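Notes follow once the structure below has been shown.
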Amino acid sequence: MKSPLKLSFQVKKILKKNDLQNFKKIEFKRGGVYGSERKTILHLAAKYCTNHTIPKYLIKKKKVQLDTKTKKSLSTALHYACRSGNWLIAKYLLKCGCDINRLRRGNQSSILLSVRYNWLGITKLLISKKADIKIKDKRNWNLAHWASYNGNLKMLHLLEKSGVSLHDVTDNGETCLHLGVWSGNLECVKYLLTKISIWESAKNGSILEYCRGNWSLLSWLLFNTKWSEVPVLEILLSINCPRDLILKHVFNELNISFIFRYDRDDLLNDIYEKSKVPLEKMLMMNMPEKCKSMAFKLIKWGKVKGLIFIYLISKKNHMIFGKIPKTLIQEMAEYLE
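According to numbering that gives the first Met the number 0, the stretch in the sequence shown is residues 0 to 336, in order.
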C-alpha cells in the first residue's frame, strides 16, 4: 500500500484559485493519495475548487476515477462537493455519472450532506436529479431533521414540498420540533408548531428541555403555547432556568422540595417570602449545601436589618444623634461574616 502524501500549501492555493494553468505544471504521482483519509486529487479538487475547470481536466485528461472512496469515511468526490457547497462541481460530477445515492460511512448520502451543511442550492440540484429523499443516517435522522436542527425554514419548505416527512422521529425519539427548538430559530419553531404536537417527548425530554440556554425562546413558548397551562417548575429547574424567568412564569408553583432538590439557593429567599416558613425551621430540614449557606446568610442579614431598624427608629425619636456608632457597625459586620 502506498504511503499517503501531504498536500502542500501551494497546491491548495492553486485549487482554491481554480488555477488550471499552474495546476497543469504540477507533477502528480499516479495513484497518489493524501492524508490519513487517503483522498485522491479529485477529492481535494471537489473540496477546494469553486468551479469545475480542474475537476474536468482531471476526469477528461487524467482519467481520474469518479467514484473512488476515501479510506475512513468512504466518501466520493461528490460527497466532498456537496459537503463543501460546490454547486458547479456537484453538477459536473453528476453529469459525468457520479452515483448520486452512494452512501458514505454513517449512512450519509450526498443530499443528506448538502442538507446537513445547509446548502440549499445543491439540495435543489440533487432533488431535481432524483436523489433519494427518504434517506436516513445511522441515528435515524432524515433530511427534515437536519433542516430543523439548522433552523433553516427555506430548506424545510423545500423538503416538505418534495415529499420528506416532518413526522419521523430519531433514535432518541426527537421530532423535527425538538430539533427546531434546539436550533433556537423562532420562525422555524412557529412553523413546526403548526405540524407537530408540543407534547411529544424524546429521551432527553420535552421541547422545553431542548430550550436549555435559549431563554428567550423558552419564555416565548411559555407565553404562547399550551405549556402555560401545565406545571413546569421541575422542568425549568432541571435545565437551570434563570431565576427571573422562574419568577415571571411559575412563581405560584414554587415549593420548598423542588428548591432543595435542585439546590437553587438563588430562589431560597423567594420561597421563604412565599411560604412564610421560618429560615431556622428550614435549616432543620434536609437542606442541600448551597441552600444551607444561603439560609445562614439570610438569617444573619435579617438580624442586621433588625439592628438597622432599631437604630433608625431611635434616631427618628431623637434618642440617637450623629452617625451610626462604630460599635453598631462592628456588630453588624460580625453577623455578615
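Note that CB positions come from ideal geometry on N, CA and C, so glycine has one too.
Note that the structure is a prediction, hence the values are computed from the model and not measured.
| Query | Result |
| --- | --- |
| CA-to-CA distance, Leu-157 to Tyr-148, given in whole angstroms | 15 Å |
| Distance CB(Ala-45)-CB(Asn-85) smaller than 9 Å | yes |
| Cβ neighbours of Thr-122 in the same chain (closer than 6 Å, five flanking residues each side left out) | Ser-113 and Val-114 |
| Asn-139 vs Asp-170 beta-carbon contact at 9 Å | yes |
| DSSP three-state assignment for Lys-135, whether helix, strand or coil | coil |
| Segments of 4+ residues assigned as alpha helix (DSSP H) that fall wholly inside the region 14-54 | 19-24 and 40-47 |
| Contacts around Phe-8, its chain only, beta-carbon distance under 7 Å, and the 5 residues preceding and following it disregarded | none |
| Reduced DSSP category for Gln-354 - H, G, I as helix; E, B as strand; rest coil | This structure does not reach residue 354, given that the chain is present from 0 up to 336, and the question cannot be answered. |
| Member of Asp-264, Val-32, Ala-143 and Ile-206 whose CA lies at the smallest distance from the CA of Tyr-421 | Any property of residue 421 remains undetermined from this structure, which presents the chain solely from 0 to 336. |
| Span of the alpha helix (DSSP H), counted from its first residue to its last, around Thr-122 | 119-127 |
| Cβ-based burial, Val-249 [other Cβ within 10 Å; buried from 16] | buried |
| Beta-carbon proximity list for Arg-263, same chain, < 6 Å, skipping 5 on both sides | none |
| Where Asp-243 falls, given that 16 or more other Cβ within 10 Å makes a residue buried | exposed |
| Helix, strand or coil at Ala-201 [DSSP, three-state] | strand |
| Beta carbon of Leu-191 nearer than 9 Å to that of Gly-179 | yes |
| Gly-179 - containing alpha helix (DSSP H), residue span | 175-182 |
| Whether Met-286 touches Asp-265 by CB criterion (9 Å) | no |
| Straight-line Cα distance separating Phe-259 from Glu-288 | 9 Å |
| Whole-Å CB distance - Gly-34 paired with Leu-65, under 8 Å assumed | Wrong, their Cβ atoms sit about 20 Å apart, outside the cutoff. |
| C-beta atoms of Cys-187 and Gly-150 nearer than 9 Å | yes |
| At least 3 beta-carbon pairs within less than 8 Å: the region 13-30 vs the region 68-75 | no |
| Pairwise C-alpha distance: Ile-132 and Ile-126 | 7 Å |
| Cβ-based burial, Glu-228 [other Cβ within 10 Å; buried from 16] | exposed |
| Cutoff 6 Å; reference Ser-2; Cβ partners in own chain excluding five residues on either side | none |
| Gly-212 versus Trp-181, Ala-80 and Thr-49, residue with shortest Cα-Cα distance | Trp-181 |
| 9 Å Cβ cutoff met for Tyr-261 and Leu-236 | yes |
| Per DSSP, the bridge partner or partners of Arg-103 | Gln-107 |
| Counted within 10 angstroms of its Cβ, other Cβ atoms place Trp-226 as buried (16 or more) or exposed | buried |
| Alpha carbon of Val-63 to alpha carbon of Asn-223, nearest angstrom | 57 Å |
| Reference Val-231, options Ser-215, Asp-269 and Leu-207, closest by Cα | Leu-207 |
| Under 9 Å between C-beta atoms of Cys-240 and Trp-198 | no |
| Option in Leu-87, Phe-22, Ser-83 and Lys-71 with minimal Cα separation from His-51 | Leu-87 |
| Three-state secondary structure (DSSP) of Leu-235 | helix |
| Local Cβ density within 10 Å of Ile-13, reported as buried at 16 or more and exposed below that | buried |
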